[in-house]
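Colleague: Residue numbers for the sequence shown follow the working numbering, so the first one is 58 and each next one is one higher.
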Amino acid sequence: MNVRILATLTALSFVIAGCGGARDISGAKSQKAELPTIGELSGPVANVQARKLFGTKAAGSRQRAEVFGSYARGCLAGGQELAENGPTWQAMRLSRNRNWGHPEMIDMVTKLSQFAAQQPGWNGLYIGDISQPRGGPMLTGHASHQVGLDADIWMLPPTSLSLTRKQRENISSISTRRAKGAYVNSSWTRSHHNIVKAAAKDPRTTRILIFPGAKVQMCNDEKGDRSYLRKIRPWYGHHYHFHVRIGCPSGDNSCRNQNPPPPGDGCAEARKWQADILNPPKRKPVAKPKPTKKPVPKRRSGRSLLLADLPAQCKAVLESR
Ligand SMILES: [Zn+2]
58 MNVRILATLT ALSFVIAGCG GARDISGAKS QKAELPTIGE LSGPVANVQA
108 RKLFGTKAAG SRQRAEVFGS YARGCLAGGQ ELAENGPTWQ AMRLSRNRNW
158 GHPEMIDMVT KLSQFAAQQP GWNGLYIGDI SQPRGGPMLT GHASHQVGLD
208 ADIWMLPPTS LSLTRKQREN ISSISTRRAK GAYVNSSWTR SHHNIVKAAA
258 KDPRTTRILI FPGAKVQMCN DEKGDRSYLR KIRPWYGHHY HFHVRIGCPS
308 GDNSCRNQNP PPPGDGCAEA RKWQADILNP PKRKPVAKPK PTKKPVPKRR
358 SGRSLLLADL PAQCKAVLES R
């Protein structure tokens, strides 16, 4: 393996690992109480890692579309497949089978791709991971993307929408950052601005995660209405793709929203991230915490979630035809 391939692989694994984790910035907690979990209800499989069960389902459940739980702890009933090819999009990395989402998410990304197709040099969008057919934790990557309401959109402008399956496994997106994410590089264009802005302006969108330099650039370049900038949040990674999160579909009472971002355009916060990248703050030595008598059990998250940790309804989602 040559150095360049190794570097690419390392970069890609970082991209995947850095994508929209459970700690997704401000307001990680949901507003409503969490749903009761499966617990021991599921018998012997209760202690099986949920990713091994959800990661092997080939198709969505034959149920009506409904979200159970939250972005980083939940599952999806009645998931809809994003067609592998559309007039203004292609789904990428088909071998992962993560081109499934809530029908609202599928509608959102297809409409966004129609908008993107009007940008110079863009024939539409390359769509990365959404969710598994029935959501849930994944075998690799992503702590979130569990309920069909998250989607990764590639930064690479699609010039061809007739890529073969094999090409879609092998081509890489482009990075749009320099200086470790403090700034955009020359691959970032006004079209990126326009597409991210259109994604944020969709009323269904609650957050967009992108590297700090892109948010700062958008803050600098936006001369019109700035209210949409509130939804665009600086985060680690997210320079090969940006991450769109939509809110719980209306009337879906078993879906748990994340708290909204703080008021304002968030530009000062993004500039703070930028400054911290350029001049990393010195770490203060942390005093060793005194050992407590009873160690608090660490809450499982992401890929280590057991079936028992998921909302009770996820048992039926898994078992449904
Ligand atoms: Zn993501």
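Virtual Cβ for every residue (Gly too), placed ideally from N, Cα, C.
So what does H298 bridge to, in DSSP terms?
Modeller: The residue labelled residue 298 in the question sits at position 241 within the sequence shown. W211.
Colleague: Say yes only if the C-beta of S201 is nearer than 8 Å to one or more non-hydrogen atoms of ligand 1, and no if none qualify.
Modeller: As a first step, residue 201 must be located in the sequence shown, where it is residue number 144. With a cutoff of 8 Å, S201 counts as near ligand 1, since its C-beta is closer than that to a heavy atom of the ligand.
Colleague: Do L220 and ligand 1 come close, with the Cβ less than 8 Å from some heavy atom?
Modeller: For this step, residue 220 is matched to residue 163 along the sequence shown. Result no, Cβ not under 8 Å from ligand 1.
Colleague: How should K347 be labelled, buried or exposed, when 16 other C-beta atoms within 10 angstroms of its C-beta is the threshold for buried?
Modeller: Taking the first residue of the sequence shown as 1, we reach residue 347 at position 290. The residue is exposed, with fewer than 16 neighbouring Cβ atoms inside 10 Å.
Colleague: Across the stretch 128-139 and the stretch 200-215, are there enough close Cβ pairs to call them in contact, namely three or more that are closer than 8 Å?
Modeller: yes
Colleague: CA-CA distance, P160 and E123?
Modeller: As a working note, residue 160 is residue 103 in the sequence shown. As a working note, residue 123 is residue 66 in the sequence shown. Rounded to whole angstroms, P160 to E123 spans 10 Å at the Cα level.
Colleague: Go ahead and pull the three-state DSSP assignment for N242.
Modeller: Start at 1 with the first residue of the sequence shown, and residue 242 comes out as number 185. It is coil, neither helix nor strand.
Colleague: Whole angstroms are fine: how far does the CA of H298 sit from the CA of I267?
Modeller: Taking the first residue of the sequence shown as 1, we reach residue 267 at position 210. Taking the first residue of the sequence shown as 1, we reach residue 298 at position 241. Rounded to whole angstroms, I267 to H298 spans 8 Å at the Cα level.
Colleague: Considering only the beta carbon of each residue, do G117 and P190 sit closer than 9 Å?
Modeller: By one-based count along the sequence shown, residue 117 stands at place 60. By one-based count along the sequence shown, residue 190 stands at place 133. Contact flag set, yes.
Colleague: Straight-line CA distance for L220 to P354?
Modeller: The residue labelled residue 220 in the question sits at position 163 within the sequence shown. The residue labelled residue 354 in the question sits at position 297 within the sequence shown. So the two alpha carbons sit approximately 48 Å from each other.
Colleague: Please tell me whether K351 has its Cβ less than 9 Å away from any Cβ of chain D.
Modeller: Absent from the structure: chain D. Only one protein chain is present.
Colleague: Starting from F125, follow its DSSP beta bridges and name the residues at the other end.
Modeller: Residue numbering aside, residue 125 sits at position 68 when the sequence shown is read from its first letter. The partner list for F125 (beta bridge, DSSP) reads C132.
Colleague: Using the C-alpha atoms, what's the distance from S307 back to G143?
Modeller: If you number the sequence shown from 1, residue 143 lands on position 86. If you number the sequence shown from 1, residue 307 lands on position 250. Roughly 27 Å separates the two Cα atoms.
Colleague: What do you get for K223, buried or exposed, if any count of 16 or more other CB atoms within 10 angstroms of its CB means buried?
Modeller: Here residue 223 corresponds to residue number 166 of the sequence shown, with the count starting at 1. With fewer than 16 Cβ atoms within 10 Å of its Cβ, K223 is classed as exposed.
Colleague: Going along the chain, which residues of its own chain have a beta-carbon closer than 6 Å to the beta-carbon of S244, five neighbours each way excluded?
Modeller: Walking along the sequence shown from the start, residue 244 turns up at place 187. The answer, listed in chain order, is I231 and T233.
Colleague: What are the residues that DSSP puts in a beta bridge with I163?
Modeller: Residue 163 sits at position 106 when you count from the first residue of the sequence shown. Beta-bridge pairing links I163 to no other residue.
Colleague: I need the DSSP call for E97, collapsed to helix, strand or coil.
Modeller: For the purposes of this step, residue 97 is identified with residue 40 of the sequence shown, where counting begins at 1. DSSP places E97 in helix when its eight states are reduced to three.
Colleague: Based on DSSP bridge pairs, tell me the residues matched to Q106.
Modeller: Position 49 of the sequence shown, counted from the first residue, corresponds to residue 106. Note: Q106 sits in a beta bridge opposite L363.
Colleague: Output the residue ranges of the alpha helix (DSSP H) runs that lie fully inside the stretch 305-359 and measure 4 residues or longer, sorted by chain position.
Modeller: Within the stretch 305-359, the complete alpha helix (DSSP H) runs of at least 4 residues are 324-335.
Colleague: Just verifying my parser: in three-state terms, what is the DSSP assignment at E226?
Modeller: Here residue 226 is taken as the residue at index 169 of the sequence shown, counted from 1. Reduced to three states, the DSSP call for E226 is helix.
Colleague: Please look up how many angstroms separate the CB atoms of P291 and A327, rounded, as I've assumed it's under 8 Å.
Modeller: Position 234 of the sequence shown holds residue 291. Position 270 of the sequence shown holds residue 327. The Cβ separation is near 5 Å, so the contact holds.
Colleague: If you measure from the CB of A208, is any heavy atom of ligand 3 nearer than 8 Å?
Modeller: Here the bound small molecules are ligand 1; ligand 3 is not part of this structure.
Colleague: Do N251 and P214 count as a contact pair if the criterion is CB distance below 9 Å?
Modeller: Sequence index remark: in the sequence shown, residue 214 carries index 157 (1-based). Sequence index remark: in the sequence shown, residue 251 carries index 194 (1-based). For P214 and N251, no; Cβs fall outside 9 Å.
Colleague: Verify the contact flag: D186, CB atom, against every heavy atom of ligand 1, threshold strictly below 8 Å.
Modeller: Taking the first residue of the sequence shown as position 1, residue 186 is located at position 129. For D186, the CB falls within less than 8 Å of some heavy atom of ligand 1.
Colleague: Our contact map puts E289 next to V253 with C-beta atoms below 8 Å; I'd like the distance itself, whole angstroms only.
Modeller: What you label residue 289 is simply residue 232 of the sequence shown in a count that begins at 1. What you label residue 253 is simply residue 196 of the sequence shown in a count that begins at 1. It is worth fixing the name first, because residue 289 is Ile in this sequence and not Glu. At roughly 7 Å, the Cβ-Cβ gap stays under 8 Å, so I289 and V253 are in contact.
Colleague: Cα separation between M165 and H300?
Modeller: Taking the sequence shown and counting its residues from 1, the one referred to as residue 165 is at position 108. Taking the sequence shown and counting its residues from 1, the one referred to as residue 300 is at position 243. Distance from the CA atom of M165 to the CA atom of H300, rounded to whole angstroms, is 13 Å.
Colleague: Leaving out five residues on either side along the sequence, give the residues of the same chain with a beta carbon under 7 Å from the beta carbon of M162.
Modeller: Counted from its first residue, the sequence shown places residue 162 at position 105. Answer for M162: I187, G205, L206, A208 and I303, listed in chain order.
Colleague: Pick out whichever of I334, L286 and D333 has its Cα sitting closest to the Cα of P319.
Modeller: Reading the sequence shown from its first residue, position 262 is the one you call residue 319. Comparing Cα-Cα distances from P319 to each of I334, L286 and D333, the minimum goes to L286.
Colleague: Quick one: any contact between the stretch 328-338 and the stretch 352-372, if contact means 3 or more CB pairs under 8 Å?
Modeller: no
Colleague: Would you please state the rounded distance, in angstroms, between the beta carbons of C276 and D322? I believe it to be under 8 Å.
Modeller: Start at 1 with the first residue of the sequence shown, and residue 276 comes out as number 219. Start at 1 with the first residue of the sequence shown, and residue 322 comes out as number 265. Between C276 and D322 a beta carbon distance of about 7 Å is seen, short of the 8 Å cut, so the two are scored as contacting.
Colleague: For M262 and F172, I'd like the C-alpha separation in whole angstroms.
Modeller: Taking the sequence shown and counting its residues from 1, the one referred to as residue 262 is at position 205. Taking the sequence shown and counting its residues from 1, the one referred to as residue 172 is at position 115. In the sequence as presented, Met is not what sits at residue 262; that position holds Thr. Rounded to the nearest angstrom, the two C-alpha atoms are 15 Å apart.
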